[in-house]
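Everything on this sheet refers to the single structure shown next.
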Amino acid sequence: GNSSKYSPDLFRYDCYGSLHVVERLELMYKMKKHDGCVNALNFNASGTKLASGSDDLSIIIWDWTISEPLIEYSSGHRSNVFQAFFMPLSRDCYIVSCARDGQVRIGELSSDGSCRSTRKIAQHRGAAHKLAVQMDSPHTFLSCGEDAAVFGIDLRKEKPEKLVVCKEGEKRVPLYSIFINPSKSYEYIVSGRHHFVKVYDTRFLKKNDGFLKQYCPLHLENNDIRANVTSVAYNYNGQEILASYNDEDIYIFDSNESDTSKYVHRYSGHRNSQTVKGVNYFGPKSEFIVSGSDCGYIFFWEKQSEHVVQFMYADENGVVNCLEPNPIMPVLASSGLDDDIKIWVPSCEKPPNLNSLKNHLIANMKERDEDRRRDCPDEFVDQTVWFLMQYLGRPRRRTIWLENQGAEASSNSNSSDSDNQEEDADISQAIQCNQS
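Next up, the structure:
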């Protein structure tokens with residue numbers, strides 16, 4: 009029931025941001041209609057519809073609550089669709105998209121379940137990976153591409169405005185991701201084939217293209233590890249910048265911090281190597297971090313503790329790329345190399361079984377080792393010791409619910425704790441050896 013003193017929205021948002029809900033997420037169903045990898049997912053503002061784009065060049069609008077397509081149309085792109093967005097405040101009648109062919113297009117939808125038309129509104133000289141919309145504007149948005157260009161697009165104007173050509177020195181930086189600050193619509197971040205996250209301000213275009221600053225962890229700035237930033241995002245109020253590094257870790261930076269080499273949080277355990285992989289916040293106040301992995305799993309980290317609190321098998325072909333949280337309720341849509349879309353809801357009766365998590369983490373670290381240690385073995389040793397200490401030091405949440413599994417489960421838990429104590433000693437010895 010509802011008390012007259014409290015809004016049901018308050019309960020809904022508190023529930024959405026709770027650890028209990030994240031631990032109860034499970035696969036509700038798979039939505040199958042595309043004939044190719046699904047590269048783009050986006051919920052509308054009310055969370056009732058989901059747009060998807062695919063290698064099959066089509067865009068589908070779903071009623072995800074019943075797993076049924078409402079509208080399916082040809083995007084007009086000539087190559088893989090990478091992004092499809094509902095334009096805000098447009099009554100879900102306009103979908104903007106970008107693709108490998110470099111085009112940025114708009115589709116106009118009708119209420120009778122059809123697409124009236126699509127047209128090209130911008131053209132990059134290279135693949136266009138991402139778009140960024142302003143939630144308070146039905147007309148303007150940004151696009152970025154591998155030509156290093158950022159376009160400011162106003163649907164009321166005939167031509168887009170080239171805001172920036174992103175460079176590092178004299179060399180252009182192909183761009184993979186772009187995101188507008190939710191609290192400052194004039195500020196945005198980009199990332200790409202470089203280890204910096206760059207911040208721009210559209211109010212100062214005449215002064216160095218509006219460039220403000222750039223973020224990168226100190227240990228990656230002058231390192232043989234060539235870690236590109238595949239995806240960036242602001243948190244709910246624009247105070248944090250989330251960045252996922254190719255074949256490295258995920259970092260959070262304070263957007264108000266003057267020391268741009270200083271990160272606030274770091275998250276490990278997944279693999280981001282094979283594809284341009286996304287990363288996102290989960291929860292109304294960005295309480296959790298969620299990312300796909302090359303091992304086919306979705307990883308959830310609790311933001312403050314940096315601990316893995318949930319991981320779910322999500323792609324039979326082995327790579328999860330897209331993760332789209334519902335803006336209203338604790339529901340997650342995911343896609344990857346499979347040609348379906350998976351919907352995850354908090355309906356599981358029991359907390360997650362994390363017994364196999366350790367093996368997945370070790371396997372992911374070994375794969376990273378194979379790719380790295382030929383070039384920089386000492387760096388890998390440092391990273392591995394740090395990572396294992398983070399894992400072994402996390403609170404063992406399994407204890408409470410393992411007790412409910414009977415004597416056998418309790419025995420397994422005790423055995424696991426004994427093993428962990430031995431491993432803690434081994435890691436401590438490894439740290440001493442490494443320091444010496």
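Per this note's numbering, residue 9 is the first one in the sequence shown, and the count goes up by one each step. By construction, the Cβ of each residue, glycine as well, lies at the ideal position given by its N, Cα and C atoms. Note that the coordinates shown come from a computational prediction; the quantities given were computed from them, not determined experimentally.
Within the model, the alpha-carbon separation for Phe-94 versus Phe-51 is close to 8 Å. Under DSSP, Ile-74 takes part in no beta bridge, so it has no partner. DSSP places Met-373 within a helical segment (H, G or I) once states are collapsed to three. Listed in chain order, the non-local C-beta contacts of Asn-325 below 8 Å within the same chain comprise Gly-304, Gly-344, Leu-345, Asp-346, local neighbours out to five positions each way being set aside. In this structure, Gly-84 is the residue among Gly-134, Gln-142, Gly-84, Tyr-223 with its C-alpha nearest to the C-alpha of Ser-125. In this structure Leu-220 is in contact with Asp-209, their Cβ atoms being roughly 5 Å apart against a cut-off of 8 Å.
Just so you know, the alpha carbons of Leu-27 and Glu-178 end up roughly 46 Å apart. Using a Cβ distance threshold of 9 Å, Gly-44 and Asn-88 count as a contacting pair. Under the three-pair Cβ rule at 8 Å, the region 233-245 does not count as touching the region 211-219. For the alpha helix (DSSP H) assignment, the region 246-306 encloses no uninterrupted run of at least 4 residues. Between the C-alpha atoms of Val-240 and Ser-199 there is a straight-line separation of about 7 Å. Taking a cut-off of 8 Å on C-beta distances, the region 285-295 touches the region 244-257, as three or more cross pairs fall below it. Asp-302 is classed as buried because its beta carbon has at least 16 other beta carbons within 10 Å across all chains shown.
Listed in chain order, the non-local C-beta contacts of Asn-329 below 7 Å within the same chain comprise Asn-47, Thr-283, Lys-285, Gly-286, Gly-300, Ser-343, Gly-344, local neighbours out to five positions each way being set aside.
If only uninterrupted alpha helix (DSSP H) runs of at least 4 residues are considered, none is enclosed by the region 176-220. Contact between the region 347-354 and the region 56-72 is present: 3 or more CB-CB pairs across the two stretches fall below 8 Å.
In the three-state reduction of the DSSP assignment, Tyr-244 falls in the coil class. In this chain, His-85 is not harboured by any beta strand (DSSP E), its DSSP state being neither H nor E. Under DSSP, Thr-126 forms a beta bridge with Gly-115. Secondary structure at Leu-35: strand, using DSSP grouped into helix, strand and coil. The DSSP-derived three-state label of Leu-27 is helix. In this model, Ser-118 and Ile-370 are separated by some 50 Å (Cα to Cα). Shown here, His-368 sits in a helix according to DSSP, grouped into three states. A contact is defined here as three or more CB-CB pairs under 8 Å, and the region 302-322 fails this definition with respect to the region 102-113.
When secondary structure is reduced to three states using DSSP, His-227 falls in the helix class. Assignment of beta-bridge partners to Asn-50 by DSSP yields Ala-59. The beta carbon of Tyr-321 sits closer than 7 Å to the beta carbons of Gly-304, Tyr-305 from its chain, once the five residues preceding and following it are set aside; these are given in chain order.
By the neighbour-count definition (other C-beta atoms within 10 Å, threshold 16), Leu-18 is an exposed residue. Where Ala-341 is concerned, the enclosing beta strand (DSSP E) starts and stops at 340-344.
In this structure, Leu-139 sits away from Ala-157, with a CB-CB distance that is not shorter than 9 Å. Looking at the DSSP output, Gly-110 shares a beta bridge with no other residue. In the three-state scheme derived from DSSP, where H, G and I count as helix and E and B as strand, Asp-379 is classed as helix.
Excluding residues up to 5 positions away in sequence, Leu-49, Asn-50, Phe-51, Leu-58, Asn-288, Leu-340, Ala-341, Ser-342 lie with their Cβ nearer than 8 Å to the Cβ of Glu-332 in the same chain.
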